[in-house]
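Chains as they are written, first to last, in the numbering used here: chain A, 1 to 462; chain B, 463 to 755. Every residue gets a Cβ at the ideal spot worked out from N, C-alpha and C, and that includes glycine. Predicted model, so just to flag it, every value in this text is computed and none were measured. Below: one structure, written as structure tokens.
Structure below.
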């Protein structure tokens, strides 16, 4: 109204009066662009039957994205879209989406931590009927420990893409120089002795790299395996917290002392990536971490110690084995309206044929390890991964999530306690221990505080 | 950017200071300049390192100790483009541009009403605006997620546009109000005596004077919307993801991709740096032609 009155009086500077109009036009134009692209995207593309996959951004997953056009070519009615996020963001995003029935994803990448819990909550599609209806899929070929960790009431609710355990990597050349021999099954006290002999602060070399960065998926993973094998546990069968028990305290003191005395510089902020850099650049004589680290250590683009590394089983004290068990797997949320198309893609990505495809097209060291037994029978893979493949397979096969420590426990899981509260609890306890590694408090102080956290959680299960 | 603006102000205020004390000690300014340089380099160094790392190979990026001398390569940028940054860029550009335009269209009349033509309870209104920024976003994400899910607007770019508009509106109103307050009342009275209507006064008298303020406000809105990550990562998936969400896809928990992450981060930062660069020129122009004169 006012505008028309202004126009009636005549404008002396017409250029200026056009500004708001231009702005409105611009909004309308951008709106039209957005509207045209459909489905709420700007510049995106629409498809008839689009499968959206939420995926964790690791190299094997990226290989799958690279190869997915071949799946689309074989299945013309299906188009794939991937949302690739870092581990923490992916976990938070996928949990929020699946728990609230957000329905953004047809396929989600989760782990053996989530699968049984979410299956119990009724959030995931039971895959057994689909697996049985897929000729040649061969679910019995999955490594039994991995398959069991992804099952609920005997049915698989997610299928493994790759699996890992933990092992000890050591520099064969430095061991030879120092006249040391790595035992076939090392114990933690032996490892600490060897770390003491191999630590050379003047040359900038740590005896061993151990994670000290807070986070339930960071330092808590290797630390938990140490606790287990020292005979410690988070809870007794009545869900009473056991973080101040002598075994738990002994393990924590050992871990903190080892990393403080012989560990990497800045240990309280070192996680997988930092240790990968330290060890890959020759600044550490040993590294206890995920078996997937072998890919980084043996990659000439990322490592200066290719061919110089030996691999030993996870060190033990009171248990016969101590390696963790972790697997990234694919599941279909109940909210997906396209479970059949989603399964087609999942079964393609976790099949034996996929392994051949990756090997022939991207190289045999790029195979996603730790999911299928048949992978370890492929001659080319046996050759390419000779240095570490047998140790990895053995570590995954001997991991024992049902009985991780000496005494009985009311929970499942090696490097985690498989309850929803553990993400928060594990992170809080790791913050206390990380502060002990940094020298800000003593181990008993850290554990006293941690015991309080754990007791609060345990009470809700008593 | 800030350095240039500072330079302009020091140049203009320098003669006045010299008149006050004819022979000032030269140690103070030298120290201050040195300190400024140290702080500026301290702030800029991580950005420089990011840009340098983007031109390295992955193995060169991990060398310990780090090296400044390397043979530059564009392979990381190729990898970022191969990973499909296009749709994310389009979403970011759309969400940023549309939300900024909406914010300016809504904030201008609001700020005008709250400054030059104060309405009843102006202070209360202003406090209400700023109070919406007091709640941490993380505290509001669950209800927002539930609402957006209920209206089936997850993974929709218009959801982000609405949220970014709401997010930036209080700041824009406050900023623009401070610019409006600088407009001399006499100009409005003169326009009124000449018979100009409210709309015409706003368009032809007030807006030209405060145009540097509008550019500054727009720039702030652009920066906030472009860099926003929390809403984007929680409310989008495959369709409406923005550049910051694309960026975290390069952070891996297993494997080392620092060079590629740096290349992606450099590309993500580029549009905002360019926007700042252009707006800065307009700001300086505006200051010399508009409000100051």
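By the rule that beta-carbons nearer than 9 Å mark a contact, residue 366 of chain A does not touch chain B. When DSSP states are grouped into helix, strand and coil, residue 556 of chain B belongs to the helix group. Annotation: residue 217 of chain A is outside any alpha helix (DSSP H) and is labelled neither H nor E by DSSP. One alpha carbon belongs to residue 377 of chain A, the other to residue 303 of chain A, and they sit about 27 Å apart.
For residue 58 of chain A, the nearest beta carbon of chain B is closer than 9 Å to its own beta carbon. Residue contact with chain A for residue 529 of chain B: absent (no Cβ-Cβ distance below 9 Å to any residue of chain A).
The closest CA to that of residue 696 of chain B, considering only B/496, B/539, B/525 and B/611, is found on B/611. The Cβ of residue 54 of chain A sits closer than 9 Å to at least one Cβ of chain B. In chain order, 301 and 302 make up the part of chain A whose C-beta sits under 8 Å from the C-beta of residue 520 of chain B. Apart from sequence neighbours up to five positions away, the residues of its chain that approach residue 341 of chain A with a beta-carbon distance below 6 Å are 49, 51 and 78, ordered along the chain.
Residue 187 of chain A is not a Cβ neighbour of residue 324 of chain A, given a cutoff of 9 Å. When A/256, A/236 and A/65 are compared, the shortest CA-CA separation from residue 161 of chain A is found for A/65.
In the DSSP assignment, residue 160 of chain A falls outside any alpha helix (DSSP H) and lies within the beta strand (DSSP E) extending over 159-164. At least one C-beta of chain A is nearer than 9 Å to the C-beta of residue 703 of chain B. In the structure shown, residue 532 of chain B falls within a coil segment according to DSSP collapsed to helix, strand and coil. Here the C-alpha atom of residue 495 of chain B lies approximately 31 Å from the C-alpha atom of residue 527 of chain B. Closest in alpha carbon position to residue 54 of chain A, among A/165, A/143, A/83 and A/68, is A/83. Per the C-alpha coordinates, the member of A/306, A/121, A/352 and A/206 positioned closest to residue 153 of chain A is A/121.
When DSSP states are grouped into helix, strand and coil, residue 326 of chain A belongs to the strand group.
Counting every other CB atom within 10 Å of its CB across the protein chains shown gives residue 647 of chain B a total below 16, marking it as exposed. Close to residue 212 of chain A, with beta-carbon spacing below 9 Å, lies no residue of chain B; the smallest spacing is near 16 Å. Taking residue 551 of chain B as reference, the option from B/734, B/534 and B/564 with the minimal CA-CA separation is B/734.
For residue 103 of chain A, the closest Cβ of chain B is nearer than 9 Å.
Listed along chain B are 607, 608 and 611, each with a C-beta nearer than 8 Å to that of residue 100 of chain A. Residue 686 of chain B is positioned such that its CB atom lies no closer than 9 Å to that of residue 600 of chain B. Straight-line spacing of the CA atoms in residue 460 of chain A and residue 430 of chain A works out to 21 Å.
In terms of beta-carbon proximity, residue 539 of chain B stays away from the interface with chain A, with every pair separated by 9 Å or more. Looking only at B/719, B/518 and B/658, the smallest Cα-Cα distance to residue 296 of chain A is reached by B/719. Annotated three-state conformation of residue 113 of chain A is coil, per DSSP.
The criterion of a C-beta distance shorter than 9 Å is satisfied by residue 587 of chain B and residue 576 of chain B. The beta carbon of residue 587 of chain B sits no closer than 9 Å to any beta carbon of chain A. Within the same chain, Cβ atoms closer than 6 Å to the Cβ of residue 426 of chain A are found at 216 and 220, the five residues on either side in sequence being excluded. By the Cβ-count criterion, residue 505 of chain B is exposed, with fewer than 16 other Cβ atoms from all chains shown falling within 10 Å of its own Cβ. Residue 183 of chain A and residue 258 of chain A have their C-alpha atoms roughly 19 Å apart. By the Cβ-count criterion, residue 549 of chain B is buried, with 16 or more other Cβ atoms from all chains shown falling within 10 Å of its own Cβ. When the Cα atoms are used, residue 363 of chain A and residue 511 of chain B turn out to be separated by approximately 33 Å.
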